[in-house]
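Protein chains in written order, with the numbering used here: chain S, 1 to 113; chain V, 1 to 118.
Printed below as a string of structure tokens:
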């Protein structure tokens, strides 16, 4: 069974530029999560989807971050405009309905200069 | 609000020693789930174990064991006879159950960097 796929794996941009990350969850996983992991810290939840609906986006900085999951499968996370403090690894995870383990992708390492 | 505390920032032991990673959590919910994840140098988070708040039975899986004590809000993880391949950052995490029947997003601790020296 294929795992959670993410692209790109690495991205370097200048501050005030825009960037987008893509995630394809494990087949059949209705719940999808985006996390931000700053160096030396644990991941922090940004947004949670159940199918194509948002369950929790309370920690998403909505003035610059947006996310969508239009067809209930893959998802895109966007930052516009980026700030230096957005430098982090962005992790995507997915889980089956009624199952509590989340399975993580390899992440996208973003560097904002 | 939920909180997970991993007081040990870094632990270094010699191979074959036993090592215990501590985790203390805070939550107002009566039903919740606790997890341990491993993050090796490659960076991908690997799921190790999940425990439910209503099941305090401890568990052993090979060289790994977990001690869940609700009375002290702790969920500690022990590796017996450690090996160099166990070197990684280990995260303890907490999740509630949301109305849709699945798990809420995870609240992670800051992680413990475990170094196993040959």
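We put the beta carbon where it would ideally sit given N, CA and C, even for glycine.
With distances taken from CA atoms, which of the options is nearest residue i?
i: residue 1 of chain V; options: V:23, V:9, V:29; result: V:29
i: residue 23 of chain V; options: V:82, V:12, V:8, V:45; result: V:8
i: residue 88 of chain S; options: S:39, S:14, S:54; result: S:39
i: residue 57 of chain S; options: V:106, V:112, V:117, V:6; result: V:106
i: residue 83 of chain V; options: V:32, V:48, V:19; result: V:19
i: residue 89 of chain V; options: V:42, V:14, V:27, V:25; result: V:42
i: residue 44 of chain V; options: S:101, S:112, S:4, S:49; result: S:4
i: residue 66 of chain V; options: V:87, V:86, V:92, V:110; result: V:92
i: residue 84 of chain S; options: S:107, S:111, S:55; result: S:111
i: residue 30 of chain S; options: S:95, S:60, S:61, S:7; result: S:95
i: residue 96 of chain V; options: V:13, V:52, V:15; result: V:52
i: residue 25 of chain V; options: V:109, V:117, V:38; result: V:109
i: residue 64 of chain V; options: V:38, V:72, V:74; result: V:38
Please list, in chain order, the chain V residues whose beta carbon lies closer than 7 Å to that of residue i.
i: residue 28 of chain S; result: The premise fails here: residue 28 of chain S is roughly 13 Å from chain V at the closest Cβ pair, so nothing lies under 7 Å.
i: residue 45 of chain S; result: 105, 106
i: residue 42 of chain S; result: 91, 108, 109, 110, 111
i: residue 33 of chain S; result: 105
Which bits of chain V does residue i rub up against, with CB to CB less than 9 Å?
i: residue 106 of chain S; result: 42, 43, 44
i: residue 110 of chain S; result: Residues of chain V passing the Cβ test: none, with the nearest at roughly 13 Å.
i: residue 54 of chain S; result: Simply none; closest approach about 12 Å.
Note down, in chain order, each residue of its chain lying with its Cβ closer than 6 Å to the Cβ of residue i, except the 5 sequence neighbours on either side.
i: residue 75 of chain S; result: 23, 32, 69
i: residue 16 of chain S; result: 81
i: residue 78 of chain S; result: 20, 66
Quick one: using the 10 Å Cβ neighbour count with 16 as the cut-off for buried, is residue i buried or exposed?
i: residue 60 of chain V; result: exposed
i: residue 43 of chain S; result: buried
i: residue 10 of chain S; result: exposed
i: residue 4 of chain V; result: buried
i: residue 28 of chain S; result: exposed
i: residue 98 of chain S; result: exposed
Which chain S residues sit within Cβ distance under 7 Å of residue i?
i: residue 90 of chain V; result: The premise fails here: residue 90 of chain V is roughly 10 Å from chain S at the closest Cβ pair, so nothing lies under 7 Å.
i: residue 33 of chain V; result: 100
i: residue 53 of chain V; result: Per Cβ cutoff of 7 Å: no residues; residue 53 of chain V is ~11 Å from chain S at best.
i: residue 95 of chain V; result: 100
Which whole-angstrom value describes the C-beta separation of residue i and residue j, a residue pair presumed to lie in contact below a C-beta threshold of 8 Å?
i: residue 77 of chain V; j: residue 34 of chain V; result: At roughly 10 Å, the Cβ-Cβ gap does not stay under 8 Å, so residue 77 of chain V and residue 34 of chain V are not in contact.
i: residue 34 of chain S; j: residue 47 of chain S; result: 5 Å
i: residue 54 of chain V; j: residue 31 of chain V; result: 7 Å
Tell me which residues share the same chain as residue i and place their Cβ nearer than 7 Å to its Cβ, disregarding the 5 neighbours each side in the sequence.
i: residue 52 of chain S; result: 69, 70, 71, 72
i: residue 17 of chain V; result: 82
Could you check if residue i belongs to the surroundings of the ligand HEM, using beta carbon to heavy atom distance under 7 Å?
i: residue 59 of chain V; result: The ligand HEM is not part of this structure, which contains no ligands at all.
Could you work out which residues of chain S lie near residue i, taking near to mean beta carbons separated by less than 9 Å?
i: residue 75 of chain V; result: The contacting residues do not exist; residue 75 of chain V stays about 14 Å from chain S at best.
Report the neighbours of residue i on chain V: residues whose CB is nearer than 8 Å to its CB, in chain order.
i: residue 48 of chain S; result: 104, 105
i: residue 77 of chain S; result: Within chain V, no residue comes near residue 77 of chain S; the closest Cβ sits about 14 Å away, beyond 8 Å.
i: residue 91 of chain S; result: 45
Under 8 Å between beta-carbons, which chain S residues line up against residue i? List them in chain order, please.
i: residue 50 of chain V; result: 100, 101
i: residue 61 of chain V; result: Going along chain S, no residue has its Cβ under 8 Å from residue 61 of chain V, so there is no contact; the nearest lies around 14 Å.
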